[in-house]
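Each residue of the sequence shown is one higher than the one before, starting from 1001 at the first, in the numbering used here. Yeah, the Cβ is synthetic: ideal placement off N, Cα and C, and Gly gets one too.
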Amino acid sequence: MEAASRPTIKTDRPLSLDWLGLALVFCSLPMLMEGMKELSLNSGKYGWNVIMLSVGPCSPACLFIALCALSPPLLHLELFKHRGFTLSAVLMAIGGAVNFGGQFLLPLYFRDVCHVTLAEVGLLLTPQLIGSAIGFPVAGYFADKLGPRTVLIIGGLLAAFATLPLTMIDAGSRYTLVGGAIAVRGFGLALANCARDGCGPGYGWQPSRR
1001 MEAASRPTIK TDRPLSLDWL GLALVFCSLP MLMEGMKELS LNSGKYGWNV IMLSVGPCSP
1061 ACLFIALCAL SPPLLHLELF KHRGFTLSAV LMAIGGAVNF GGQFLLPLYF RDVCHVTLAE
1121 VGLLLTPQLI GSAIGFPVAG YFADKLGPRT VLIIGGLLAA FATLPLTMID AGSRYTLVGG
1181 AIAVRGFGLA LANCARDGCG PGYGWQPSRR
């Protein structure tokens, strides 16, 4: 049943590593981030920042063209024709943005707004790790009982509600509020990510030969 639901990529030649696509993957994302940074810091001076702003958006475009033209490509865009694979990829992208976005912003809040040391920042983020550690086994248990979709929705709602207080905190906010919010947020993200990852492999692909 699982194999029948997987999208299949057909090829008549041995699979080999797409070196050009791999190089574009490693170059496009850093260039895009650098271009966005230069855009935010642009003070009217032109030069290197113009080059970065041009190369940043062009690299993903070159990557897309390479993926369409090369055979076999590093990333098979045909897989996105499969609804299940596309939904899984979108959920993974959203989950990564929510998860890593918080991991970037919370340390900056503690460091630049609350003016604590780096060692204290690590300790202040402990509740989120505890919430995640509790959430993963709970997610596995209830995913078997209720199905991954239900667990994913519940985890997403918990993470969303726990993120709301974090949008209103300042230097004078109590740590009990911040710590409780990030603990619940970590628990909700663990539920959502575990359920999402449990669904995703079912839509993997296996190359077949004609």
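- Annotated three-state conformation of S1173 is coil, per DSSP.
- For F1104, the enclosing alpha helix (DSSP H) covers residues 1083-1108.
- By the C-beta criterion, the segment 1185-1192 is judged not to be in contact with the segment 1168-1177, since fewer than 3 inter-stretch pairs fall below 8 angstroms.
- Under the DSSP assignment, F1080 falls outside any alpha helix (DSSP H); it carries neither an H nor an E label.
- Excluding residues up to 5 positions away in sequence, V1151 lie with their Cβ nearer than 6 angstroms to the Cβ of F1142 in the same chain.
- For V1116, the three-state secondary structure derived from DSSP is coil.
- L1075 sits in coil when the DSSP states are folded into three classes, being neither helix nor strand.
- In this structure the segment 1118-1125 does not touch the segment 1159-1168; the number of beta carbon pairs closer than 8 angstroms is below three.
- Distance between F1080 and A1089, taken at the CA atoms: about 9 angstroms.
- Spatial neighbours of P1107 in its own chain (CB-CB distance under 8 angstroms, excluding positions within 5 residues in sequence) are listed in chain order as V1121, L1125.
- In this structure, the beta-carbon distance from A1195 to G1131 does not fall below 9 angstroms.
- The three-state secondary structure of G1147, taken from DSSP, is coil.
- Under a 10 Å Cβ-count criterion, V1098 is classified as buried, with 16 or more other Cβ atoms of the shown protein chains found around its own Cβ.
- With a cutoff of 9 angstroms on beta-carbon distance, C1114 and A1069 are scored as not near each other.
- In the three-state reduction of the DSSP assignment, L1067 falls in the helix class, which pools H, G and I.
- F1085 sits buried, since 16 or more C-beta atoms from the chains shown fall within 10 Å of its C-beta.
- In terms of Cβ geometry, L1024 and A1066 form a close pair [threshold 9 angstroms].
- With fewer than 16 other Cβ atoms inside 10 Å of its own Cβ, G1096 counts as exposed.
- Out of P1060, F1064, G1102, the CA that lies nearest to the CA of A1162 is found in G1102.
- Contact check for L1191 and A1133: beta-carbon distance about 12 angstroms, past the 8 angstroms limit, so the pair fails to qualify.
- The C-alpha of P1030 lies about 28 angstroms from the C-alpha of L1129.
- With a 10 Å radius around the Cβ and a threshold of 16 neighbouring Cβ atoms, A1061 comes out exposed.
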